[in-house]
Amino acid sequence: MKIVAVIPAYNEEQRIRNSAEDAGRFVDTVVVVDDCSKDKTGEVALTAGAHVLRHEINRGQGAALQTGTDYAVQNLEADIIVHFDADGQMQGADIPKMIEPILNSEVDIVLGSRFLGAESNMPLSRRLTLWLALLFTRLVSGIKISDTHNGFRALSKYSAQNIKISLDRMAHASEILDLIKLKNLKFVERPVMIKYTADTLAKGQSFMSGFIVLKDFIKSKFID
Amino acid sequence: MIFQFSLIIFAIFAIIRTYKQYRLQRVSASWLTSWLLLWLAVILVAISPQSTDILAKYVGVERGADLLVYSAVVILYYGLYRMMVKQEKLQQELTSLVRKLAIMEAKKIEAKKDR
Ligand SMILES: Nc1nc2c(ncn2[C@@H]2O[C@H](COP(=O)(O)OP(=O)(O)OP(=O)(O)O)[C@@H](O)[C@H]2O)c(=O)[nH]1
Ligand SMILES: [Mg+2]
Chain A
1 MKIVAVIPAY NEEQRIRNSA EDAGRFVDTV VVVDDCSKDK TGEVALTAGA
51 HVLRHEINRG QGAALQTGTD YAVQNLEADI IVHFDADGQM QGADIPKMIE
101 PILNSEVDIV LGSRFLGAES NMPLSRRLTL WLALLFTRLV SGIKISDTHN
151 GFRALSKYSA QNIKISLDRM AHASEILDLI KLKNLKFVER PVMIKYTADT
201 LAKGQSFMSG FIVLKDFIKS KFID
Chain C
1 MIFQFSLIIF AIFAIIRTYK QYRLQRVSAS WLTSWLLLWL AVILVAISPQ
51 STDILAKYVG VERGADLLVY SAVVILYYGL YRMMVKQEKL QQELTSLVRK
101 LAIMEAKKIE AKKDR
């Protein structure tokens, strides 16, 4: 079984070494997708031992994940693909329990959740946005899940071949849930620890970006 | 008065342009007729704005000028929608191009690492 971690990264030269190495301890290969960063993200990732894919034009997190996943399946013959963040909020140590249900052939895809046990120090405003997202997803996609917008995922090769992300920016998380439902993929959630620090909050998503996600998602329903 | 006058001038100009294109065989005869009809209609409306009221009453709008504005808004919105679709498609094509390049380059880098 070949396990490959895919890390989308945009201007993460300060944090990519740690996150790539952290993930690297629990997978066979790390793939970093440098999404046209303005800093040295790509170079740093290379010296951290990752395979580096560079987008010549910034295409967004969803597009970067799809690029890395394509590469993992087609060129590295990955059996399991783990989606992991570059900002150091996720713990590599969570990877083994994320991939376990796939190793046991129980499910096709495992989704990380911030709301199953493991207490995270998430700020209240973020909690509120996510709660709204949860409600929206339950209504629109009809999928019952505790955390809709968690970037931590483990995909079997089969689900990677069935989930093609077409929403390039942040709305891809909603799209993946739609596809899980549509393609009848078996999924399970696993608790993961996501750490919020002043640094990740400063660079992370704002409350407004929730609306952009919503706009992109709704737009996609009107255009083919 | 000035508005009507310039509209007529513009329409005549457009008809002459289209006719020249037709003579040069750049546009088909059916294209020429449809454009001709359109611009003749514009001239008619410019000369006698009240003439549109007949059509307006027929579809249930008070004044012809209002009908014109309503239709313009609808047509513009439709154009906007079409542009959005086209733009979305372009974005997706751009992404797949960028993706292909990224994977190609990575393969090269990895081949070099192995040596
Ligand atoms: N490829 C790509 N990755 C991005 C882009 N923006 C952010 N990322 C990466 O996506 C990951 C998560 O980004 P964040 O902005 O922290 O988003 P988040 O984790 O969903 O939100 P927070 O809860 O605020 O941390 C990190 O690895 C970023 O480097 C982008 O434009 N392109
Ligand atoms: Mg983050």
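Protein chains in written order, with the UniProt record's numbering: chain A, 1 to 224; chain C, 1 to 115.
For each residue, glycine too, the CB sits at the ideal point set by N, CA and C.
Out of the options, which one is the CA nearest neighbour of residue i?
{"i": "residue 6 of chain C", "options": "C:43, C:20 and C:28", "result": "C:43"}
{"i": "residue 169 of chain A", "options": "A:5, A:18 and A:65", "result": "A:65"}
{"i": "residue 3 of chain A", "options": "A:87, A:199, A:58 and A:92", "result": "A:92"}
{"i": "residue 67 of chain C", "options": "C:11, C:52, C:77 and C:80", "result": "C:52"}
{"i": "residue 48 of chain C", "options": "C:4, C:26 and C:74", "result": "C:4"}
{"i": "residue 213 of chain A", "options": "A:202, A:198 and A:167", "result": "A:167"}
{"i": "residue 98 of chain C", "options": "A:203, A:76, A:97 and A:55", "result": "A:55"}
{"i": "residue 185 of chain A", "options": "A:135, A:46 and A:143", "result": "A:143"}
{"i": "residue 95 of chain C", "options": "A:85, A:72, A:95 and A:68", "result": "A:68"}
{"i": "residue 8 of chain A", "options": "A:151, A:145 and A:177", "result": "A:151"}
{"i": "residue 35 of chain C", "options": "C:75, C:11 and C:54", "result": "C:11"}
{"i": "residue 202 of chain A", "options": "A:29, A:89, A:219 and A:94", "result": "A:89"}
{"i": "residue 221 of chain A", "options": "A:158, A:140, A:157 and A:156", "result": "A:140"}
{"i": "residue 105 of chain A", "options": "A:156, A:74 and A:85", "result": "A:156"}
{"i": "residue 73 of chain A", "options": "A:191, A:48 and A:30", "result": "A:30"}
{"i": "residue 172 of chain A", "options": "A:125, A:217, A:195 and A:71", "result": "A:217"}
{"i": "residue 39 of chain C", "options": "C:8, C:108 and C:2", "result": "C:8"}
{"i": "residue 1 of chain C", "options": "C:115, C:57 and C:45", "result": "C:45"}
Rounded C-beta distance between residue i and residue j? I'm assuming under 8 Å.
{"i": "residue 35 of chain A", "j": "residue 15 of chain A", "result": "Contact doesn't hold; Cβ gap of about 14 Å is too wide."}
{"i": "residue 107 of chain A", "j": "residue 99 of chain A", "result": "Not confirmed; about 11 Å, so no contact."}
{"i": "residue 153 of chain A", "j": "residue 83 of chain A", "result": "4 Å"}
{"i": "residue 113 of chain A", "j": "residue 189 of chain A", "result": "4 Å"}
{"i": "residue 6 of chain A", "j": "residue 57 of chain A", "result": "Actually they are not in contact, since the Cβ atoms of residue 6 of chain A and residue 57 of chain A sit about 19 Å apart, beyond 8 Å."}
{"i": "residue 146 of chain A", "j": "residue 116 of chain A", "result": "6 Å"}
{"i": "residue 53 of chain A", "j": "residue 29 of chain C", "result": "In fact, because the Cβ distance is near 54 Å, the residues do not count as touching under 8 Å."}
{"i": "residue 17 of chain A", "j": "residue 48 of chain A", "result": "5 Å"}
{"i": "residue 196 of chain A", "j": "residue 121 of chain A", "result": "5 Å"}
Counting only C-beta atoms, is residue i closer than 8 Å to chain C at any point?
{"i": "residue 52 of chain A", "result": "yes"}
{"i": "residue 149 of chain A", "result": "no"}
{"i": "residue 178 of chain A", "result": "no"}
{"i": "residue 83 of chain A", "result": "no"}
{"i": "residue 71 of chain A", "result": "yes"}
{"i": "residue 57 of chain A", "result": "yes"}
{"i": "residue 48 of chain A", "result": "no"}
Residue i bridges to which residues according to DSSP?
{"i": "residue 112 of chain A", "result": "A:190"}
{"i": "residue 29 of chain A", "result": "A:4"}
{"i": "residue 45 of chain C", "result": "Note: residue 45 of chain C sits in no beta bridge, so no partner."}
{"i": "residue 80 of chain A", "result": "A:3 and A:156"}
{"i": "residue 53 of chain A", "result": "A:33"}
{"i": "residue 9 of chain A", "result": "A:34"}
Is the CB of residue i under 8 Å away from at least one CB in chain A?
{"i": "residue 74 of chain C", "result": "no"}
{"i": "residue 94 of chain C", "result": "yes"}
{"i": "residue 101 of chain C", "result": "yes"}
{"i": "residue 85 of chain C", "result": "yes"}
{"i": "residue 107 of chain C", "result": "yes"}
{"i": "residue 110 of chain C", "result": "yes"}
{"i": "residue 50 of chain C", "result": "no"}
Review point. Is the number of C-beta pairs between the stretch 163-183 of chain A and the stretch 13-31 of chain C that are closer than 8 Å three or more?
Key: no
Could you tell me whether the stretch 191-209 of chain A touches the stretch 123-136 of chain A, using the rule of 3 or more Cβ pairs below 8 Å? yes
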